[in-house]
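Protein chains in written order, with our numbering: chain A, 6 to 652; chain B, 10 to 327; chain C, 11 to 219.
Below, the structure is given as C-alpha cells:
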C-alpha cells in the first residue's frame with residue numbers, strides 16, 4: 006500500500022491511485038468544514054481561522070495606515086487646518102491602538118496559528134474550538150473599537166492611556182472606557198493563541214521532531230507565546246483597573262486617595278515593552294526560514310540562534326522602565342535598565358551575524374521575499390542602533406516623547422515586523438492560496454515600500470532632535486519643522502502607493518495568478534511544503550516522520566510516515582515534549598457553532614461593561630449556556646462511551 | 010542652525026552640551042557599525058561564487074571561518090556596548106551632581122499653560138508669572154516641577170533634557186544658560202487637547218537685567234493713570250476675566266488662569282502660541298477657542314469701546 | 011513535479027504504526043493538562059499583578075491599613091483556608107478515582123467538589139465584608155478588593171465547572187476522556203487553593219505584622 010504525505014493521485018503510480026483517492030475522500034469527509042455559511046461559521050480548522058485572522062489583522066493594518074495618512078496630511082505644513090485637535094487625538098490613539106493591539110500582535114499569532122501545525126506535521130491545533138473562540142473575540146473587539154470611533158466615541162488619550170489624563174477626572178465621556186474594554190478583548194484572544202501555540206508545539210510535533218530539530222520559526226512562535234502568556238495579563242489587569250476607576254470609583258490611580266499614576270505606567274510598560282518583542286521575535290522566525298530557502302543552505306549556528314531567541318524573550322521583560330526615564334526614577338534603577346536595554350543588543354547581534362554568515366555561505370536568490378529580508382536588515386539596524394542610543398538616560402531625556410522616538414519605533418516595528426511580514430506574505434502566499442504573487446509587482450511593492458519608509462521616518466530623527474514633540478496636532482511656522490514634515494508626508498504617500506500595489510498584486514493573483522504547486526520555491530526546508538498548496542483540510546494524508554532539522558532537504562526518496570491514525574474521526578497524534586516520541590492518539594472535537602456564540606456573549610459582556618458593572622453578572626449568566634453546550638458534545642459513532650461499572 | 014526655534018543639537022548650557030557630546034559619540038559609532046554590518050551583508054550577498062556550486066547539495070563550506078567571524082563580531086559588539094555604557098554613566102553622573110542653586114523656580118503645569126513662581130523669603134517679594142521664565146545667565150538654576158491636573162513634561166532642548174510633571178510627585182531639573190538669549194521650550198508629554206500649544210520661554214538675562222526684571226515683577230500692577238485705562242480696569246474687574254485671572258494690586262485674585270499682573274512684559278500669549286501684540290490679544294480675548302480650541306479661556310463678547318479700553322489697560326501692565 | 015514529490019510507500023524504514031497507542035491518558039501526557047497549566051499561568055499572573063498593585067500603593071500610606079480603617083477580620087478568611095485544606099485530600103482521592111475510571115468514585119468526588127466550591131463562594135462573600143473597607147474608599151480598599159475579588163472569579167468559575175462536570179457524569183453519555191477532565195479539574199483545584207493561601211497571608215495576615 007502507498008502511504009504518501011499528500012493525497013495527490015498524480016503523485017503516485019497508477020495502480021495506487023484509487024486507494025489514495027479514497028483516503029483523500031475519507032479524510033476530507035471527516036476534516037473539512039461543513040458546506041455553506043453554516044459550515045463557515047462552525048469551522049474550527051486552524052487554516053480557515055488562520056486565514057480569517059490574517060485577513061482581519063491586515064484590514065486593521067490598512068485602517069491604521071489610513072489613520073496615519075490623515076495624521077501625515079495634517080502635519081504636512083505648519084498650522085494646517087485640515088483636522089482639529091479632537092479628531093487628531095482620536096486618530097493617533099486609534100493608529101497606535103490599531104497597529105499594536107489589532108494588527109501587529111494578532112497578525113503574528115495568526116501566521117503562527119496557520120503555519121505551526123503544518124510546520125510540525127500535525128492535523129490541527131491542540132484546542133480547535135478555543136481557537137475559534139479566540140478569533141471571534143478578537144474580531145468583536147476590533148469591530149467594537151471601530152464602531153465606537155465612527156460614532157465619535159473613539160479613544161483619545163493615546164494608545165498608552167496615561168492616567169490621570171485617561172482617568173475619571175480628565176477623560177470625560179466613554180472614550181477611554183471603549184479603549185479599556187477593547188484591550189481586554191484583544192488580550193483574551195492573545196492569551197488563548199499563546200496557550201494554543203505552546204501546547205501544540207510541545208505535544209503535537211511529528212515523530213522525530215525533537216526540540217533540537219524544531220524549525221527556527223516554531224522556536225520563535227514558542228518564545229512569542231510564552232512572552233504573551235506572561236506579558237498580556239499585565240495590560241489586561243491594568244486596563245480593568247482603569248475601567249473600574251472610571252466606572253465604580255476605585256482609586257488605583259488616584260493620587261488623592263493613595264493610588265498612583267505611576268502604577269499605571271509600570272503595569273502598562275511591563276506589558277508594553279515585551280509587546281515589542283512579541284512582534285519582533287516571530288518576525289525573526291520568518292527571517293530565518295526565508296533566508297534558509299533563498300540561500301539554499303541551513304542557518305548558520307542553530308543553537309546560537311535558539312539561545313538568542315530565548316535570551317531575547319527573557320531580557321524583554323527587564324527593560325520596561327526605559328519608557329519612564331523622565332518620571333524621576335532613582336538613578337540606581339535607571340542604570341540597571343540602561344544596562345539591560347543595551348545588553349539586549351547582544352542576542353540580536355548574534356542573530357544578525359549568523360544570518361550574514363548564512364547568506365555568505367549560501368547562494369542567494371533575489372525573489373521578492375528575499376528582497377524584503379534585505380530591506381529588513383537595512384531598516385532594522387537603524388532602529389536597533391537608535392534603540393541603543395535611547396537606552397542612555399541623559400540622551401533619552403532629550404529625545405523622549407519627541408519625533409526621534411517616533412522614528413525609532415517605526416524603524417524597529419516596520420523594519421523588524423512589517424518587512425519580514427511582507428516577506429512572509431510573499432513566501433507563504435502560494436501555500437495559503439495555491440497561487441504565486443507576481444514577482445514584477447512584488448519588486449515594485451518592495452522598492453516603493455523601502456523608499457517610502459526611509460523617506461517618512463528618517464527625517465523624524467532630525468525633527469525630534471530639533472525639538473518637535475510627539476502627539477502635537479500642529480506646530481508654528483517659526484519652529485522650522487515644516488520642510489522635514491513635508492518630506493515625511495511625501496514618504497507616507499509612497500508607502501500608500503506601495504501598499505496599493507500589494508493589494509493589486511493579491512487581487513490579480515487570486516483571480517488568475519500562476520499556480521504554485523506544492524513547493525514553488527524549490528528549496529524550502531519545512532514540512533508545510535510537503536503537502537499540497539493550499540493544504541487539504543486534514544493537512545497531511547499521512548503524518549510525516551522527521552529525521553533531521555531540515556526534513557525536506559534530507560529526505561530520502563520515500564520518506565517515512567505515520568500510519569494507523571484513525572481516518573473515520575478527527576484524531577491527532579500526541580507526542581512527547583522533548584523527543585517527540587508518539588505517545589497517544591487524541592480525539593479532537595468536531596466543528597461547532599458554540600465558540601462563536603460564546604464569543605458573542607463575551608462581546609456583549611465587555612461592551613456592556615462600558616456602561617455598568619452588572620455586565621459581569623449578566624454576561625456570565627448568558628455565557629453559561631454556550632459554554633456547557635461547547636463542552637458537552639454528543640459522542641459520534643465510533644467514540645467510546647463509559648457506562649456504569651465499566652473500568 | 011539658527012533656523013530652529015529649539016534644538017537639542019545647539020546646546021546653550023552645560024547640561025545640553027554634555028548630552029550633545031554623548032550624542033556625537035553615539036552617532037559616529039552607529040554610523041561605523043551600520044556601514045560595517047551592511048558592508049558585510051553586501052559582500053556576503055553579492056560576492057562571486059564558483060559556478061554550479063549548490064550549497065544545498067554540498068553542505069556549507071567554510072564553517073570554521075564563519076564561526077570565527079561571527080564570534081569576533083559578537084565580541085566587538087560587547088566591547089562597543091561596554092564603552093557606550095561607561096560614557097553614558099559618566100555623563101549621567103555629571104548631570105545629577107549636587108550643586109548650589111542660584112535661583113529656585115517652581116513650575117506648575119496646567120492644561121495648557123505653565124505657572125511660574127519664584128519663592129523669596131519675604132512673601133511680598135514672591136513673583137508669580139506664566140509661560141516665561143527668566144534666569145540669570147551662567148548660573149545653575151533648579152526648577153521644581155509639579156502639576157495641577159494631568160502629566161506634563163518640561164523641555165527646553167537647548168538647555169537640558171526633559172522631566173515629567175506628575176501630579177502629587179514633585180520632581181526637579183537643573184538648567185543653566187551660557188549666554189543671554191531667549192530659549193524656547195514646550196510640553197513633551199501628551200496632556201490632552203492643546204498639548205501642541207503649551208510652549209514656554211526661558212529668557213537668560215545678564216545678572217543686572219535679571220535683578221531689574223525681578224524687581225519689576227515683584228511689584229503690584231500699575232494703577233491706571235488715565236480715563237481710558239481706568240475704564241479698561243473696570244471692564245476687567247466687571248467681566249468674567251476675574252473668575253480665572255489675577256492682577257496683583259486689584260481685587261482680581263483668581264488662580265485658575267495665568268497671573269496677568271505683568272502681562273505686557275511677556276513676549277507671547279496663549280502659552281507661546283501668539284506674539285504678544287495688541288491685535289493678537291484682542292483676538293485671543295474675543296475668540297480664544299478659534300485660536301486654541303479646547304482651551305479653558307471662554308469667548309468674550311465686549312463692545313468695541315470696552316475692548317479698546319481693556320486692551321489699553323492690559324497694555325500698561327508692564 | 012520535482013524529484014521530491016515522487017511516490018512514497020509505507021513500510022519504509024522509519025515509518026511508524028500508531029494504531030496501538032492509547033486514546034485516553036492522564037496528567038502531563040495529555041494536551042488538556044498542558045492547556046490547564048497555560049490557563050493557570052495566565053490566571054496566576056493576574057493574581058500576582060493584583061498583589062503587586064496592593065504592595066505598590068502601600069508606599070503611599072503612612073499606616074496600612076489607612077487610618078480609621080480597621081484591620082481585616084480573620085474569622086471568615088481563616089475558615090476559608092481550613093475549608094480549602096480539607097478539600098484538597100478529597101480532590102486527591104477524586105483524581106485517583108478518575109485514573110481508575112471509577113465512575114461512581116468521580117461522581118461522588120465531583121459532587122463533593124461542587125459543594126466545596128459553593129461553600130468557598132459563600133465564605134468569600136463574608137471575606138469581602140471582613141475587609142472592613144470598600145473598593146471606592148481609597149487605594150487600600152481598591153487593591154485589597156482587587157486581590158480578593160480576582161481570586162473569587164476563580165472560585166465562581168470552578169463552581170460552574172464542577173457543577174457542569176457533575177451533571178455530565180450523572181446524565182451522560184460519559185466518555186473516557188471525561189475522566190481525564192476530572193483529573194485536570196483536580197489539578198486546577200490545587201492551584202486555586204494554593205493561590206488563596208498566599209493571598210490570604212498577603213491581605214489578611216501581612217497588615218498585622
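C-beta atoms are modelled at their ideal positions from N, C-alpha and C, and glycine is treated no differently.
**Request:** Determine the chain C residues that contact residue 132 of chain A at a beta-carbon separation under 7 Å, and present them in chain order.
**Result:** 45
**Request:** Could you spell out where the beta strand (DSSP E) holding residue 209 of chain B opens and where it closes?
**Result:** 208-214
**Prompt:** Listing by chain order, which chain A residues have their CB less than 9 Å from the CB of residue 79 of chain B?
**Reply:** Those are 305, 306, 309, 355, 358, 359, 361, 362, listed as they occur along chain A.
**Prompt:** From A:628, A:584, A:572, A:610, pick the residue whose C-alpha is nearest to that of residue 31 of chain A; which is it?
**Reply:** A:572
**Item:** Cβ-heavy atom distance, residue 529 of chain A to the ligand HEM, below 7 Å
**Value:** Looking at this structure, you won't find the ligand HEM or any other ligand, since it has none at all.
**Asked** Would residue 136 of chain A be called buried (16 or more neighbouring beta carbons within 10 Å of its own) or exposed?
**Response** Looking at its Cβ environment, which holds 16 or more other Cβ atoms inside 10 Å, residue 136 of chain A is buried.
**Message:** Just to confirm, is the Cβ distance from residue 422 of chain A to residue 288 of chain A under 8 Å?
**Reply:** yes
**Request:** Return helix, strand or coil for residue 495 of chain A, following the three-state DSSP convention.
**Result:** Note: residue 495 of chain A maps to helix in three-state DSSP.
**Outcome for residue 16 of chain C when other beta-carbon atoms lying within 10 angstroms are tallied against a minimum of 16** = Here the model assigns residue 16 of chain C a pLDDT of 30, short of 50, so the residue's position is not dependable and the matter cannot be decided.
**Item:** Interfacial residues, the region 425-444 of chain A to chain C, with Cβ spacing under 9 Å
**Value:** none
**Item:** Neighbouring residues, chain A, relative to residue 202 of chain B (Cβ below 8 Å)
**Value:** 90, 91, 94
**Asked** Between the region 545-572 of chain A and chain B, which residues of the former have a C-beta closer than 7 Å to a C-beta of the latter?
**Response** 558
**Message:** List, from N- to C-terminal side, the alpha helix (DSSP H) runs of 4 residues or more that fit wholly inside the region 187-262 of chain B.
**Reply:** 216-227, 236-247, 250-253
**Asked** Can you give, in chain order, each stretch of the alpha helix (DSSP H) that sits fully within the region 618-652 of chain A and has at least 4 residues?
**Response** 620-636
**Item:** Proximity test, Cβ basis, 8 Å: residue 115 of chain B and chain A
**Value:** Closer than 8 Å: no.
**Prompt:** Does DSSP classify residue 304 of chain A as helix, strand or coil?
**Reply:** coil
**Request:** Using a Cβ cut-off of 8 Å (strictly closer), state whether residue 405 of chain A contacts chain B.
**Result:** yes
**Request:** Classify residue 652 of chain A as buried or exposed, calling it buried when 16 or more other Cβ atoms lie within 10 Å of its own Cβ.
**Result:** Confidence in residue 652 of chain A is poor, its pLDDT being 42 and thus under 50, which makes the residue's placement too unreliable to answer from.
**Item:** Range covered by the alpha helix (DSSP H) that runs through residue 124 of chain B
**Value:** Taken as a continuous stretch (DSSP letters only), residue 124 of chain B belongs to no alpha helix (DSSP H), being part of the beta strand (DSSP E) at 122-127.
**Message:** According to DSSP, simplified to helix, strand and coil, what is residue 178 of chain B?
**Reply:** Strand at residue 178 of chain B.
**Request:** Select from the region 59-71 of chain C all residues with a C-beta closer than 7 Å to any C-beta belonging to chain A, and list them in chain order.
**Result:** If you check each beta-carbon in the region 59-71 of chain C against every beta-carbon of chain A, the ones closer than 7 Å belong to 59, 60, 63, 66, 67, 70, 71.
**Cβ-Cβ distance between residue 25 of chain A and residue 40 of chain A below 8 Å** = no
**Prompt:** Between residue 227 of chain B and chain A, is there a C-beta pair that is closer than 8 Å?
**Reply:** no
**Item:** Bridge-paired residues (DSSP) for residue 433 of chain A
**Value:** Beta-bridge pairing links residue 433 of chain A to no other residue.
**Item:** Close beta carbons around residue 37 of chain A, own chain, < 6 Å, minus the five adjacent residues each side
**Value:** 542
**Request:** Indicate the three-state DSSP secondary structure (helix, strand or coil) for residue 459 of chain A in the structure shown.
**Result:** helix
**Item:** Other residues of its chain near residue 528 of chain A: CB distance less than 7 Å, five sequence neighbours each side excluded
**Value:** 298, 301
**Asked** If we cut at 8 Å on Cβ distances, does residue 652 of chain A have a partner in chain B?
**Response** At residue 652 of chain A the pLDDT is 42, less than 50, meaning the model places this residue with poor confidence; the figure from the coordinates comes in the next sentence. No, its Cβ sits nowhere closer than 8 Å to a Cβ of chain B.
**Prompt:** What does residue 159 of chain A reach in chain B if we use C-beta pairs closer than 7 Å?
**Reply:** Here the premise fails: no neighbours, minimum Cβ distance about 14 Å.
**Request:** Report yes or no: do three or more beta-carbon pairs, one from the region 326-341 of chain A and one from the region 363-376 of chain A, lie closer than 8 Å?
**Result:** no
**Asked** Residues in the region 83-105 of chain C with C-beta within 7 Å of chain A's C-beta atoms, listed in sequence order?
**Response** none
**Message:** Using only the alpha-carbon positions, how far apart do residue 547 of chain A and residue 128 of chain C sit?
**Reply:** Distance between the alpha carbons of residue 547 of chain A and residue 128 of chain C: 48 Å.
**Asked** Residues in its own chain within less than 8 Å of residue 285 of chain B by CB, not counting five upstream and five downstream?
**Response** Excluding positions up to five away in sequence, the list reads 272, 273, 275, 276, 277, 278.
**Asked** Which stretch, first to last residue, makes up the beta strand (DSSP E) that contains residue 152 of chain B?
**Response** 150-156
**Asked** According to DSSP, which residues form a beta bridge with residue 262 of chain A?
**Response** Partner residues in a beta bridge of residue 262 of chain A, as assigned by DSSP, do not exist.
**Asked** Do we get a CB-CB distance below 8 Å when we pair residue 39 of chain C with the residues of chain A?
**Response** At least one C-beta of chain A is nearer than 8 Å to the C-beta of residue 39 of chain C.
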